[in-house]
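Peer 1:
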Amino acid sequence: MNLLDTLISKKIKTREIPKWGTYLRRQWENEFANHLSDEEKKSIHLYDEDGVCGYLWHIFSYEKKESLKNKSAELAFDRELKEFCYVFYQSTNDALIVENASSLRAIDLINEEDIYITNKTFDWTFVITHETGWCGPYFSIKSY
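Mind the numbering: the sequence shown is residues -13 to 130 in the numbering used here, read in order.
1. For I93, tell me which candidate among R65, S77 and T107 has the shortest Cα-Cα distance.
2. By Cβ distance below 8 angstroms, which residues in the same chain neighbour L190 in space, the five residues on each side in sequence not counted?
3. Using 8 angstroms as the threshold, is the C-beta distance between I114 and I127 below it?
4. Grouping DSSP H, G and I as helix and E and B as strand, with all else coil, what is S77?
5. What does N86 pair with, by DSSP beta-bridge criteria?
6. Does the stretch 13 to 32 come close enough to the stretch 40 to 50 to have 3 or more Cβ pairs within less than 8 angstroms?
7. So what does DSSP say about I103, is it helix, strand or coil?
8. What number of angstroms, rounded off, separates the C-alpha of K27 from the C-alpha of K106?
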């Protein structure tokens, strides 16, 4: 079952927003990585460069921003009120708006990789990486 099917089966109001991925990744970076200089961002491979695939979640794996990790991150996400969220991916421009998603749990995202979930105002984020178990998942609050 893919994520959209999971959300629909849980009766979570979902709207696809194609081509929003670039905008949401840029906004996420502005909110969660704005304390890093361009040189620091380059040093942790935040962007694709010279054959190295960059990931926004490197701010957590390189410990440049505080976050909860692994089971603690999943529990924090499960407890978070999710009235309105953006869901987007590292490497595609597909994105979703989900509303009244308090029933969305980390376990529902078990088959996802390099996915970012954040509320409307980017106050918190939950990230599942393609290296889950070694790197992530992560949960962070903007004010950390």
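Cβ atoms here follow ideal geometry from the backbone N, Cα and C, with glycine treated the same way.
Peer 2: Walking through what the data contain:
1. R65
2. In the structure as shown, the chain starts at -13 and stops at 130, and residue 190 therefore has no counterpart that could be examined.
3. no
4. Coil, per DSSP.
5. According to DSSP, N86 bridges with nothing at all.
6. yes
7. strand
8. 24 angstroms
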